[in-house]
Each structure stands twice: as structure tokens, then as C-alpha cells.
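Inspection log for the structure reproduced underneath, given as C-alpha cells.
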Amino acid sequence: MFLCLRYYGCTMRILFLNNCPTDLLWSEWLEKKSPGQHLWGVNHLFEHGIYVDVLPYSKYEFLKKISNKIKLLGDLDQQLRTIPHLSKYDAVYCGCQHDTLVLGLMKRLGLIRVPIAIIVHHCIKPIFRNKLLFNLFYSSNDKFICLNEIVRHQLIDDFHISPEKVTMLEWGVDTDFYDLDTDKISPQETPFIITAGRTLRDFNTLVEAFTNSPYHLKIYCTEDAEPTIENIPPNVNIYSQKKLISSREILPEYQKSFAIAVPMLEKKEQLIGLTSLLDGMAVGKPIIMTRNQLVNIDIEKENIGIWVEPGDVQGWKNAIAYLFEHPEEAKAMGKRAKKLCETKYNTRIFATKLACVLNDIPTKKITIPSV
């Protein structure tokens, strides 16, 4: 186990797992190589009396392969490795709604008793909307921590989960990370809009919006997410590689940019683009983003950006032109966005609220040894 050693005075002990290598991300956060938001609050829980063990992401490769083939039961490698250790913990906390399904089933069958809390990003998959399957795999969870109101209402209204078990928390950024090296940013001669990402991105629509445009675009993506349209215009620069560029490497480009674009495919039941939105807000840039009903931040209501409908090339053209033609307003949008991160959407506020949720779980309160 990778241990958080800052546990003086802690009264609760949890085991954290996720669908990405949290042990590596924790090390990178400590070294200021990546922001802390992808730790889902566990890096600050010690401040609230909660001791955290982070389960290493990978051990048995054959279980990872089985998980990838089955897909429906989450990460078998992690879940099965937790079972011998569950008696040590007051709760299991998971940053992914799919990676405790086996544990949820075992709890439903009375094989384990440990409380389970999960982050719920997306609407429940259609296969689990069957009442029997939902009850088997999900209903024994003790806390459903939703990132948006639509999912929260789905759990309460459609699956009849007790409102006491369901809460909505605003995810937020590690604000300290985004202020790194701001004094080293040199002015850019040609203003540009930047976009980065790989999951369900609609780069084709965005590139079309820059065709015959006087404005400039930089795209950072993985090779499998590159735009597929022919004749990329000369004012569009694409930087692709096998793995997505790291947060630390792209940070200076975000800081130099005029605005952040978050173009997405239409996925009404999947939360996508929130990471990029918060990245842009944290560096104080205006946002142009494809509308997604599961993104709980209304960028137009907050006056920090402009929504564009899915696949709307002209909508992108209009939004891009508007920001460039109103630079002072764009700058003010960016300032408001950054302020929102400082006052509402940040990791410390998220962790504080998360601690309240976890402490609300009835537990046997494991005794934490002192050092």
C-alpha cells in the first residue's frame, strides 16, 4: 500500500482506489508535476482527521486484461486485492463509479460489510438501469457523491436511493499548481486559442471553424484523437503524440493563450470536458465550450465564456470572433473564471465537503496508530 503518513490525530481510516494510477499521481503532485484535483480530495483529508491508504493501481496484469474484456464489472485487479484488507478500514472511497461493482455485489450478498462511497460522474449505464442489476451492484453503496444535479436526481428519482445517501459536490482545481512559473511567461506575438484532450473531442468541428479565419488555433492531443478532416488550414497547429502532453508541460501554453476551447462530441449521458474547463478557468482564460448538460458550471450564467451547440461550426466561428473582437470583455471573463476557482471550485473546498460526507458514514472507527 502507498500510505499517507500525515495521520496525527486521525480518527477515520479509508482505502482509496480509482481507475487511474493514484499512487503515481500523488508522487507527481508532491513534485509539482501535475495538479492535485485528480487525487479526488484524498491529499487533503488528513487535515480533516481522515487517514488514507491508496491502493496501487496495478499488480495482476491478467486481471486487468479480463477487466478490459468484460468491461461491466470495473477493475477486478484492484477490487479483488482490497478484499483481504477491508477489515482495516472504516470505508472504501472510489473516484470512479464503475470500479466498486464487485465490492457492491459482495456487500449486497452479505459477504463484506465495509461502507462504500463512490464518485458518480455520468448517468447510470443502460445495462444497470434494470432494477435487479442496479440493486445487486449499486444499491448497497453508502454514499453516492455526484458531480452534477442531473445524476443526483436520477439516483433519487429513478432508482429510489435515499436522499441522505446522495450528495452533489463541486469538483475543483489545485489552484497553487496553475500559478507556477507565471513570471516566466513571455508575451506572445500572435494571440491564439488552445485546446487539449483526447476523450470524445470534436476537433473536426473546431478546425472547420478556423478555416478561412484570421485567428490561430493550437491543438494538443493524442495520435488517435487527431482531426480527421483533410486540408488542415495553416492557422491551425496540431501537436499530437502517443500519450497526452502532461499538465506541467502544457501549462505555459495555457498561460500564454488568449482563450480555451473545449470542443466535444454530443454525449448527453456522459460528463466530458470538465477537466479542460477547470484548467482554463484556473489560468484565468475565457472559455468556449460545447454544451454538455452534465457540466454543472454554466459558463454563460457565470459570464466566463460562451456555449456552442454540438457540431455547430458557425456557432464556433461566432464565439471565436466575439472574443477576439471584445478583448477587454474576454479578459474580464478570464478574471471571473479564476476568481471562481479561488473561491468555489478548488481542491481544498472539495476535500472539506468530502470529509463531511465520509464522516457522515456510520463506522466502527478504526484506531489509528501514533508515530
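Every position in the sequence shown, counted from 1, becomes a number in this note's numbering once 44 is added.
The C-beta atom is built at its ideal place from N, Cα and C for all residues, glycine as well.
Keep in mind it's a predicted model, so treat the numbers as computed, not measured.
For the pair C64 and Y101, the Cα-to-Cα distance works out to about 7 Å. For K382, the uninterrupted alpha helix (DSSP H) run begins and ends at 371–387, by DSSP. Note that the C-beta distance between I304 and S290 is not below 8 Å. In the three-state DSSP reduction, W215 falls in the coil class, being neither helix nor strand. Unbroken alpha helix (DSSP H) stretches of 4 residues or longer found wholly inside the region 160–226: 175–181, 193–197, 219–222, given in chain order. Shown here, N256 sits in coil according to DSSP, grouped into three states, outside any helix or strand.
Rounded to whole angstroms, the gap between the alpha carbons of L107 and S184 is 24 Å. T396 and E270 have their C-alpha atoms some 38 Å from each other.
Annotation for A305: the continuous beta strand (DSSP E) segment containing it runs 303–306. Within 10 angstroms of the beta-carbon of K329 lie 16 or more other beta-carbons, which makes it buried.
W360 sits in a helix when the DSSP states are folded into three classes. In the DSSP assignment, F90 falls outside any alpha helix (DSSP H), carrying neither H nor E.
The C-alpha of C265 is placed about 8 Å away from the C-alpha of I282. With fewer than 16 other beta carbons inside 10 angstroms of its own, T234 counts as exposed.
The continuous beta strand (DSSP E) containing Y283 extends over residues 280–285. For C400, the enclosing alpha helix (DSSP H) starts and ends at 391–403. Counting the other CB atoms within 10 Å of its CB gives N256 a total below 16, which places it among the exposed residues. Around the beta carbon of C400, a 10 Å sphere encloses fewer than 16 other beta carbons of the protein chains shown; the residue is thus reported as exposed. Put simply, the backbone Cα of V357 is about 33 Å away from that of M212. For W73, the uninterrupted alpha helix (DSSP H) run begins and ends at 66–74, by DSSP. A straight-line Cα-Cα distance of about 14 Å links G241 and L315.
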